[in-house]
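Numbered per our numbering, the sequence shown spans residues 1394 to 1652.
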Amino acid sequence: MGKAVRLDREGGVCVVTIDRPEVKNALDLETIEILSDVVDGLARDSALRAVVLTGSEGAFISGGDVKDFLRLDDPEAGKRMAQRMQSVLGRLEALEAPVIAAIEGVALGGGAEVSLACDMRIASEAARIAFKQVSLGIMVGWGGGQRLLRLVGRSKALRLLLTGVTLTAAEAATIGLVDEVVPARQALGAALALARQIAVQPARAVRATKRALHYGAEMSRAEAAAFEAECFRTLWGSRDHREAVAALLEKRTPAFREE
């Protein structure tokens, strides 16, 4: 991968680090393409169990690289960039492995949008989250508006998007924007601990559970329930299911093997 994105592997857990500390990990056009390639590689990785997305040196992602984006000198170029990031984040969100954002420092503008494409968000007390696009005379364009709407509801989403207010980690947790707040400099450690918890579960069950919730969110309740039942069917009687039941009855630790 390019130097702007670093990958570190621990068994089935992959840590993806945006590494542009000189601009607080802002995403320029080159980094967007590197991140796209990273996501595609993760999608092909059959041994992957969980992903942690973070930023280097005390920041998550400070948004798009405003200086680099000056190259986008007409509305259509801006739209193409937005659509490209929508594609990248859509593929990140659709990964079969759960994705956990470890937020240290700032998650601003597009960085806040990136965090919303993750399945879970853990923030340190030092984290600050804001959708600053409106103060630049633009709006969210990477799909974050729709994700925020579904996560916190219309009125809260509008308030955040129309004011650009900066939230502390505690304030973000209060409205459900982050799932857990930990002491400063401990977001990555907490996210890794959660990723490890997930990684030891039966892989097929983890993938099916995420699939049911990810795709079910766009269905009617009846359709989502039917899809959930179908996902359940694919697991019932599987080798890992039989092993888990046997281990429970025999009072031993299960040995999961199915991929």
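Cβ coordinates follow ideal geometry from the N, Cα and C atoms, glycine included. All figures in this text were calculated on a predicted structure; none of them were measured in a lab.
Asked	Found
Across the region 1502-1514 and the region 1443-1454, are there enough close Cβ pairs to call them in contact, namely three or more that are closer than 8 Å?	yes
Thinking C-alpha only, which one of Glu-1611, Ala-1619, Glu-1497, Ala-1598 is nearest His-1336?	Nothing about residue 1336 can be reported from this structure: the residues present for the chain run from 1394 to 1652 only.
Specify the secondary structure class of Glu-1403 as computed by DSSP and reduced to three states.	strand
Got a sec, what are the start and stop residues for the alpha helix (DSSP H) Arg-1514 sits in?	First-last for Arg-1514: 1513-1517, but that is the beta strand (DSSP E), not the alpha helix (DSSP H).
Run the CB neighbour count on Asp-1458, radius 10 Å, all protein chains shown included, and call it buried at 16 or more, exposed below.	buried
Thr-1410 and Ser-1449: beta carbons closer than 8 Å?	yes
Mind checking whether Leu-1555 and Val-1527 have CB atoms under 8 Å apart?	yes
According to DSSP, is Thr-1410 helix, strand or coil?	strand
I'd like the span of the beta strand (DSSP E) that includes Gly-1448, first residue to last.	1443-1448
Three or more C-beta pairs closer than 8 Å, one from the region 1517-1526 and one from the region 1547-1564: is that the case here?	yes
Confirm, please, whether the CB-CB distance from Gly-1609 to Phe-1620 is below 8 Å.	yes
With a 10 Å radius around its C-beta and 16 neighbouring C-beta atoms as the bar for buried, classify Ile-1425 as buried or exposed.	buried
How is the beta strand (DSSP E) around Val-1492 delimited, first residue to last?	1492-1496
Looking at Ile-1515: is its Cβ nearer than 8 Å to the Cβ of Val-1575?	yes
Taking the C-alpha atoms as reference points, what is the distance between Arg-1477 and Val-1507?	13 Å
What does the Cβ neighbour count give for Ile-1531, buried or exposed, with the cut at 16 atoms within 10 Å?	exposed
Among the residues of its own chain, which have a CB less than 7 Å from the CB of Gly-1354, if the five just before and after it don't count?	Lying before the first or after the last residue shown, residue 1354 is absent from the chain, which here runs from 1394 to 1652.
Roughly how many angstroms lie between the CA atoms of Arg-1632 and Leu-1501, to the nearest whole one?	45 Å
Mapping the DSSP letters down to three states, classify Arg-1477 as helix, strand or coil.	helix
Could you tell me the boundaries of the beta strand (DSSP E) in which Arg-1614 lies?	Per DSSP, Arg-1614 belongs to no beta strand (DSSP E); it is in the alpha helix (DSSP H), 1614-1628.
For Thr-1646, which residues in the same chain have their Cβ closer than 8 Å to its Cβ, ignoring the five residues on either side in sequence?	Ala-1640
Kindly indicate the opening and closing residues of the alpha helix (DSSP H) around Arg-1437.	1422-1437
Buried or exposed: where does Trp-1535 fall if 16 or more other Cβ atoms within 10 Å of its Cβ makes it buried?	buried
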